[in-house]
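Residue numbers (my numbering), protein chains in the order written: chain A, 1 to 275; chain B, 1 to 374. Cβ atoms here follow ideal geometry from the backbone N, Cα and C, with glycine treated the same way. Note that this is a predicted model, so its numbers are computed, not measured. Written below as structure tokens is the structure these notes are about.
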Amino acid sequence: MPSGNSHPLDQYLRTARLPHIWCPGCGIGIALGGVIRAIDKRIKEGVLKKENVVFVTGIGCSARTSFYVNFDAAHTLHGRAIAFATGAKLAKPELEVIVIGGDGDIAGIGGNHLLHAAKRNMDLIVLMITNFVYAMTGGQVAPTTPLGLYTTTTPHGNPEPPLNVVKVVSSLNANYVARASVTHPLLVEQYMYKALGMRGFRFIEILSTCPEVFGRHIGVRDPLTLYNSLRSKVIIKQSPSIDESDLDWEKGLVIGEYLIRDNPSFLDRIKGGSK
Amino acid sequence: MMKSFISGNIAIAEGAITAGMRFYAGYPITPASEIMEYLAEKLPRIGGITMQFEDEIASINAVIGASWAGVKSMTATSGPGLSLMLEALGLAVITETPAVIVDVMRAGPSTGVPTKTSQSDVMQVRHGTHGDYVIPVFAPWSAQEAYDLTIKAFNVAESLRTPVILLSDAVIAHLWESVLIADPGEVEIVSRRKPSVPPDAYLPYKPDDDLVPPMATFGEGYSVLVESLIHDERGFYKQDKATYRSLVSRIINKVLSKIDSIFEVETYYSDDYRYLLVSFGSTARSALAAVRILRKSGIKAGLLRLKTLWPLKHEILKKYCEEAEKVFVVENNAGKILYDIERVTEGDKVVPLPLLDLEIPEPKDIVDGVRKWL
Numbered sequence: 001m002p003s004g005n006s007h008p009l010d011q012y013l014r015t016a017r018l019p020h021i022w023c024p025g026c027g028i029g030i031a032l033g034g035v036i037r038a039i040d041k042r043i044k045e046g047v048l049k050k051e052n053v054v055f056v057t058g059i060g061c062s063a064r065t066s067f068y069v070n071f072d073a074a075h076t077l078h079g080r081a082i083a084f085a086t087g088a089k090l091a092k093p094e095l096e097v098i099v100i101g102g103d104g105d106i107a108g109i110g111g112n113h114l115l116h117a118a119k120r121n122m123d124l125i126v127l128m129i130t131n132f133v134y135a136m137t138g139g140q141v142a143p144t145t146p147l148g149l150y151t152t153t154t155p156h157g158n159p160e161p162p163l164n165v166v167k168v169v170s171s172l173n174a175n176y177v178a179r180a181s182v183t184h185p186l187l188v189e190q191y192m193y194k195a196l197g198m199r200g201f202r203f204i205e206i207l208s209t210c211p212e213v214f215g216r217h218i219g220v221r222d223p224l225t226l227y228n229s230l231r232s233k234v235i236i237k238q239s240p241s242i243d244e245s246d247l248d249w250e251k252g253l254v255i256g257e258y259l260i261r262d263n264p265s266f267l268d269r270i271k272g273g274s275k
Numbered sequence: 001m002m003k004s005f006i007s008g009n010i011a012i013a014e015g016a017i018t019a020g021m022r023f024y025a026g027y028p029i030t031p032a033s034e035i036m037e038y039l040a041e042k043l044p045r046i047g048g049i050t051m052q053f054e055d056e057i058a059s060i061n062a063v064i065g066a067s068w069a070g071v072k073s074m075t076a077t078s079g080p081g082l083s084l085m086l087e088a089l090g091l092a093v094i095t096e097t098p099a100v101i102v103d104v105m106r107a108g109p110s111t112g113v114p115t116k117t118s119q120s121d122v123m124q125v126r127h128g129t130h131g132d133y134v135i136p137v138f139a140p141w142s143a144q145e146a147y148d149l150t151i152k153a154f155n156v157a158e159s160l161r162t163p164v165i166l167l168s169d170a171v172i173a174h175l176w177e178s179v180l181i182a183d184p185g186e187v188e189i190v191s192r193r194k195p196s197v198p199p200d201a202y203l204p205y206k207p208d209d210d211l212v213p214p215m216a217t218f219g220e221g222y223s224v225l226v227e228s229l230i231h232d233e234r235g236f237y238k239q240d241k242a243t244y245r246s247l248v249s250r251i252i253n254k255v256l257s258k259i260d261s262i263f264e265v266e267t268y269y270s271d272d273y274r275y276l277l278v279s280f281g282s283t284a285r286s287a288l289a290a291v292r293i294l295r296k297s298g299i300k301a302g303l304l305r306l307k308t309l310w311p312l313k314h315e316i317l318k319k320y321c322e323e324a325e326k327v328f329v330v331e332n333n334a335g336k337i338l339y340d341i342e343r344v345t346e347g348d349k350v351v352p353l354p355l356l357d358l359e360i361p362e363p364k365d366i367v368d369g370v371r372k373w374l
């Protein structure tokens, strides 16, 4: 247990498991902080019950969030968090099921489940923390890795352009699609707060910093320098168009709320069919 | 009790409903699809959900998620789908998740012959996922037994907090027979044990004396941790040998210690046989017919039919084999339970009769196979 004054958000953390495993300068803690502050607000508003919050994660650095949150939590298989979460939500609809994963976990190995959950407008919140690299396994190319980058498995340069997951999810039936960045933590909190008040499939990509692995690949090992570098590339827009969502490091990385709608969710639709 | 004329696949669906299953997830595959089609119509009427997912991987992971949300859950597939499910089968093992996985066997390898029968998945259901574990496997030989063993599969899954495999095949799947469907209260239905301590004293992987931990599920205020890594009683990841040994041993022993209630065989003409046929599933129907043909011509044959394919109680197999001069292992594959029978016998009394038939084997083929050795 922490000594001295505890933090007001400690009630949402398994403090016995701290310190966490994330590297110095890693953005996941900032992202998680924003997410938990939003949950705290919704709990205090009476919109959400703490015992109904479930974190479901796959495998990877971001997936380790399930270690540290003091909610019901599942640390499952690589890529399969959305499938597991869908089962839990359908079996017990009063749960607020939140999936957190990296871009490899959610959009790489788990891409098919992401597509179908968005297509169904499944009642889930999916948070994809994008660090542009497979970090836990030591720096291999990821779905979002910039074109041409040298990684441990693209030693001649990455021949593939990055996957724009915001655009992919927006092309389906999600009710909410946003992109945030750990360089702007208040927006992480704000978008998560919004998502918690909505129904259907809600997707937030959170751009993040990985100085230990991604930073090594781009020659920026210093956390602050990397943070400022990402911050300088981020462009905040109130209502960005999907066409602006490409991960374009030259023009800038546009964050904002790409899609907000209130279509009937999967659970809404099957309620009509279960007479 | 109600008598219904139904197929083996429908019997499995009905058995699951009787057992309390209210979440089914699956992906279409021959010859298992009728289970999902039947449940898609029926489950929503009784407060359940049937969901067709994008693949078998999603299906079994959703089943595990639903079980953690407190609902008895099931999926069904055939060989290719089972191959895709194997990683998550291990997730169910290490997280001690009650779930029933039905494998309606067809011929392989690979796409094989989707519409024809086989018994070639015996090793896959026992040992297919990586790591050390024991998963109970039941193999019905009739529509009635498909119903009964599905209920047993759920009861074992719930009482031991483990995935359980029901190993059917294409013959049983499409075999229409009369089945007695139980009314509520007519058969014993077991549900998972819940914690008896408040949330702050609850350890999600601390077992009771029977090695099975009580199971809190999502939304009950216990802040449960479902952990795919090796974990201690709190669910915290640990890399040390003591934690690893303790968890893996317990997961194995909680099943093995209940082997007397898991393991079942059935025998025919067991009083005076000289030649013992060992078989299981649909092939055992042909084996029994072969035994009767042999008996008519004065040859003292008997049948040992395995209802449980894993774990096996070796002393029981040994006892029946010891009384025979020759033991014929009759199975519709290249030889699987053959190795189990060889393990419990001495000398060269075991004769393999691998049939690789694609249909339910002709009793005559089995009779001919036996006669060669007389």
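| query | result |
| --- | --- |
| Residue span of the alpha helix (DSSP H) that contains M123 (chain B), given as start and end | 122-127 |
| Nearest-angstrom Cα separation, counted from F67 (chain A) out to F218 (chain B) | 16 angstroms |
| C-alpha gap between L91 (chain B) and D232 (chain B), whole angstroms | 16 angstroms |
| Cβ-Cβ separation, S223 (chain B) to P199 (chain B) (assumed contact under 8 angstroms), whole Å | 7 angstroms |
| Cutoff 9 angstroms: D246 (chain A) Cβ touching any chain B Cβ | no |
| Reduced DSSP category for H217 (chain A) - H, G, I as helix; E, B as strand; rest coil | helix |
| Enclosing beta strand (DSSP E) for H75 (chain A) [first to last residue] | 72-75 |
| Beta carbon proximity, S66 (chain A) to chain B, threshold 9 angstroms | yes |
| Proximal chain A residues relative to E376 (chain B), where beta-carbon distance stays under 7 angstroms | Residue coverage of chain B in this structure runs from 1 to 374, which leaves residue 376 (chain B) outside it and unanswerable. |
| 9 angstroms Cβ cutoff, D123 (chain A) in contact with chain B | no |
| For D246 (chain A) and K275 (chain A), the rounded distance between their alpha carbons | Its pLDDT being 36, under 50, K275 (chain A) is placed unreliably in this model, and the coordinates cannot settle the point. |
| M85 (chain B) - DSSP class collapsed to helix/strand/coil | helix |
| Proximal residues of chain A, C-beta to C-beta of V224 (chain B) below 7 angstroms | D72 |
| Cβ-based burial, L47 (chain A) [other Cβ within 10 Å; buried from 16] | According to the sequence provided, residue 47 (chain A) is Val. The question's Leu does not apply to it. Exposed is the call here. |
| Nearest to R37 (chain A) (by Cα), restricted to the options A:L196, A:E250, A:R221, A:L230 | A:L196 |
| Given 8 angstroms, three or more beta-carbon pairs between the region 352-361 of chain B and the region 283-299 of chain B | yes |
| Same chain, Cβ closer than 7 angstroms to S59 (chain B), neighbours up to 5 away in sequence not counted | A25, G26, Y27, F53, T75 |
| Minimum C-alpha distance to P159 (chain A) - residue among A:Y150, A:K167, A:V166 | A:Y150 |
| Beta-carbon proximity list for V344 (chain B), same chain, < 7 angstroms, skipping 5 on both sides | H314, L317, K318, C321 |
| DSSP-derived helix/strand/coil call for R261 (chain A) | coil |
| Any chain A beta carbon closer than 9 angstroms to L84 (chain B) | no |
| Chain B contacts from the region 11-25 of chain A (Cβ-Cβ distance under 7 angstroms) | R17 |
| Reference E186 (chain B); option with closest CA among B:A290, B:I151, B:I64 | B:I151 |
| CB of V102 (chain B) within 9 angstroms of CB of Y133 (chain B), strictly | no |
| Beta carbon of R161 (chain B) nearer than 9 angstroms to that of E96 (chain B) | yes |
| Span separating the alpha-carbon of A118 (chain A) from that of L124 (chain A) | 9 angstroms |
| is_contact[H113 (chain A), chain B] using C-beta, thresh 9 angstroms | yes |
| Runs of alpha helix (DSSP H) wholly within the region 196-265 of chain B (minimum 4 residues, chain order) | 241-256, 259-262 |
| Residues near M136 (chain A) by beta carbon distance below 7 angstroms, same chain, minus five either side | G60, C61 |
| Contact with chain A by D55 (chain B), beta-carbon distance below 9 angstroms | yes |
| DSSP bridge partner residues for G101 (chain A) (one or two, in chain order) | A:M128 |
| Rounded separation between G25 (chain A) and G112 (chain B) - CA only | 52 angstroms |
| L375 (chain B) at chain A interface by Cβ criterion, 9 angstroms | What the structure shows of chain B is the stretch from 1 to 374, and residue 375 (chain B) is not part of that stretch, so it cannot be assessed. |
| S159 (chain B), enclosing alpha helix (DSSP H) - first and last residue | 143-160 |
| Contact with chain B by A85 (chain A), beta-carbon distance below 9 angstroms | yes |
| R231 (chain A) vs T183 (chain A) beta-carbon contact at 9 angstroms | yes |
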